[in-house]
Structures are given as C-alpha cells and as structure tokens.
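Participant:
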Amino acid sequence: MIASVTRCRLSFTSITRASRLLSTSPNAKHHMVISALGEDRTGIVADMTKLVTDVGGNVGDSRAMKLGSHFSLMMLVSVPEAKVDCFKSSIQSVKDIETLAIETTVAGSPTIVTAYEGKFILDGADSPGIVHKVTRLLAENGMNINDLRTSEESAPFGGTTLFSMEGVATVNSPLPKTFEPDKIRLKLADLGDSLNCDISLEDVEEESAAMYGM
Numbered sequence: 099m100i101a102s103v104t105r106c107r108l109s110f111t112s113i114t115r116a117s118r119l120l121s122t123s124p125n126a127k128h129h130m131v132i133s134a135l136g137e138d139r140t141g142i143v144a145d146m147t148k149l150v151t152d153v154g155g156n157v158g159d160s161r162a163m164k165l166g167s168h169f170s171l172m173m174l175v176s177v178p179e180a181k182v183d184c185f186k187s188s189i190q191s192v193k194d195i196e197t198l199a200i201e202t203t204v205a206g207s208p209t210i211v212t213a214y215e216g217k218f219i220l221d222g223a224d225s226p227g228i229v230h231k232v233t234r235l236l237a238e239n240g241m242n243i244n245d246l247r248t249s250e251e252s253a254p255f256g257g258t259t260l261f262s263m264e265g266v267a268t269v270n271s272p273l274p275k276t277f278e279p280d281k282i283r284l285k286l287a288d289l290g291d292s293l294n295c296d297i298s299l300e301d302v303e304e305e306s307a308a309m310y311g312m
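The letter at position 2 of the sequence shown is residue 100 when you use my numbering, and the numbering goes up by one with no holes.
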C-alpha cells in the first residue's frame with residue numbers, strides 16, 4: 099500500500115479548463131488533470147501511471163493519499179494528441195476506480211509570483227464547521243490555500259475527538275498594502291479560543307531560516 103507518492107505542490111487555483119490544443123505537430127502534447135478515487139488496494143498508483151506510460155505520456159505534478167479506507171490520486175499529465183481518446187478510455191476501464199479527466203493548459207500560462215507564504219497549524223477538539231471557519235478567515239484576508247491536510251483521532255481518555263489541520267496559504271504578488279500577517283495571527287488565535295483549539299500561522303521563510311540556523 100502506498101500512502102503518499104510525492105509532496106510536489108499542485109496549486110488547484112492555477113488549473114483552468116480549456117479546449118484541446120490544436121496542432122499538427124506529431125510531438126504536440128495534451129495536458130490533463132486526472133483524479134482517481136477508490137477502495138484502497140495494492141497497485142493503484144502503478145496501474146494508473148502505467149496507463150500514462152503506455153500512450154507515451156508523462157506524469158508531472160502528482161499527489162496521492164489514503165482517506166479512511168479509500169485511496170485518492172491526482173496527477174497532472176501530458177499525453178500525445180493522437181492518443182488522447184485512447185487514454186481517456188483506458189483510465190475509465192480501471193477496475194474499482196472512479197476517474198475524472200479535466201483538460202487544462204500548461205504552456206503559455208502566466209507565471210504567478212508568490213509574495214507571501216505561510217504555514218497554518220491547528221490542534222484541538224473537533225467541532226462542526228472547523229475547516230470552513232479557518233479557511234474562510236484566511237480567504238477573507240486575501241490568502242489562497244495551496245495545501246491542506248486534516249486528520250482526526252479519539253482522545254486517549256474520554257469521548258473527545260481530537261482534530262488537527264496543517265496547510266500552506268499564500269498571497270500572490272503584488273502584496274496588498276493592507277495585508278498584515280500579525281493581524282491575521284490574532285484573528286486565528288481568537289477563532290481558536292472560540293473553537294477550543296490552538297491555531298498558528300508561521301512565515302515559511304522564517305521557519306526555513308530557523309531550520310538551517312540562519
């Protein structure tokens with residue numbers, strides 16, 4: 099069983115729907131985001147990536163994880179134009195796996211420059227709407243969620259469910275003059291108090307500097 103494939107970040111907000119690229123070049127590539135979900139079993143990643151290889155395609159960014167008893171895989175792939183229909187048919191035939199192919203463009207896409215990157219962490223008691231409340235606060239302050247991971251477990255004693263959340267949020271350049279990380283930290287702390295949990299926001303650059311003793 100493979101619980102994780104890569105930690106390459108895939109920004110979902112940068113993926114846009116597009117029509118098939120028109121080209122007569124035999125080397126023209128068609129780009130798609132492939133999502134696959136099914137009951138966890140050995141060989142899911144191998145089965146899906148083999149289908150890409152079989153048509154002469156390539157896997158770019160990818161992310162895979164186990165969610166309960168299910169396994170989820172998302173890949174940004176490129177396949178030859180002439181093999182697109184064959185590839186789409188093949189991924190739909192994988193046993194016990196639900197798949198979705200979303201067409202996207204890669205070449206020529208505008209470069210997005212990140213002006214601020216922060217890591218947010220939550221630990222505490224679980225409560226209804228906790229993920230929504232935290233992500234809404236970040237969105238209201240102009241922050242995009244680039245990565246998000248959550249988990250829950252029963253407390254060692256008592257019937258309390260413990261919840262943890264960790265993610266990366268960014269603000270694109272140019273950085274708004276009104277953006278103040280310290281104020282967002284105070285808002286997150288107040289929200290944490292109301293939810294009976296601790297929520298922090300750490301600047302990624304400062305975290306990296308501390309790790310390497312800079």
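Even for Gly, the Cβ is constructed at its ideal location relative to N, Cα and C.
Select from L246, H168, A144 and G265 the residue whose C-alpha is nearest the C-alpha of E196.
Facilitator: Here the closest residue by C-alpha is H168.
Participant: Do the CB positions of V211 and D245 come within less than 8 Å of each other?
Facilitator: Taking 8 Å as the Cβ cut-off, V211 and D245 do not qualify as a contacting pair.
Participant: Need the endpoints of the beta strand (DSSP E) that F277 sits in, please.
Facilitator: Run containing F277: none; DSSP gives neither H nor E here.
Participant: Let me check one thing: in DSSP terms, what residues is V177 bridge-paired to?
Facilitator: In DSSP, V177 forms a bridge with H128.
Participant: Identify which residue in L149, E215, L174 and D145 has its Cα closest to the Cα of S133.
Facilitator: That would be L174, whose Cα lies nearest to the Cα of S133.
Participant: Less than 8 Å between the beta carbons of L235 and I243, yes or no?
Facilitator: No, the pair does not count as a contact, with Cβ atoms beyond the cut-off.
Participant: Any idea what DSSP makes of G290, helix, strand or coil?
Facilitator: It is helical.
Participant: Roughly how many angstroms lie between the CA atoms of K186 and E251, to the nearest whole one?
Facilitator: Looking at the two C-alpha atoms, the distance is approximately 38 Å.
Participant: By a C-beta neighbour count over all protein chains shown, 10 Å radius and 16 as the cutoff for buried, is F255 buried or exposed?
Facilitator: F255 should be labelled exposed.
Participant: Within 10 angstroms of the Cβ of C295, are there 16 or more other Cβ atoms? Answer buried if so, exposed if not.
Facilitator: Its Cβ being crowded by 16 or more others within 10 Å, C295 is buried.
Participant: Indicate the three-state DSSP secondary structure (helix, strand or coil) for M241 in the structure shown.
Facilitator: Reduced to three states, the DSSP call for M241 is coil.
Participant: What residue from L135, V182 and V131 has the CA that sits closest to S160's CA?
Facilitator: Answer by Cα proximity: V131.
Participant: Less than 8 Å between the CB atoms is what I'm expecting for G216 and D301, so what's the real figure, rounded?
Facilitator: So it is a contact: roughly 6 Å between Cβ atoms.
Participant: As an exercise, report each continuous beta strand (DSSP E) stretch of at least 3 residues that is fully enclosed by the segment 193-224, in chain order.
Facilitator: Runs found: 195-202 and 212-223.
Participant: Can you grab the Cα-Cα spacing for the pair A116 / V177, in whole Å?
Facilitator: With a pLDDT of 34 at A116, under the threshold of 50, the predicted position of this residue should be treated as unreliable, and no value is reported.
Participant: Does H129 pass the burial test, meaning 16 or more other C-beta atoms within 10 Å, or should it be called exposed?
Facilitator: When all chains shown are included, H129 counts as buried.
Participant: Which residue wins for smallest C-alpha separation from H230, given the options G166, T151 and L293?
Facilitator: Cα-wise, what sits closest to H230 is L293.
Participant: Assign S188 to one of three DSSP states: helix, strand, or coil.
Facilitator: In the structure shown, S188 sits in a helix (DSSP, three-state: H, G or I).
Participant: Short of 6 Å in beta carbon distance, which residues of its chain neighbour K127, apart from the five on each side in sequence? Order them along the chain.
Facilitator: These residues qualify, in order along the chain: S176.
Participant: Can you list, in chain order, the residues of its chain whose CB lies under 6 Å from that of M263, leaving out five sequence neighbours each side?
Facilitator: Only L220 and T248 meet the Cβ criterion.
Participant: Straight-line CA distance for I297 to E278?
Facilitator: In a straight line, the C-alpha of I297 is about 17 Å away from that of E278.
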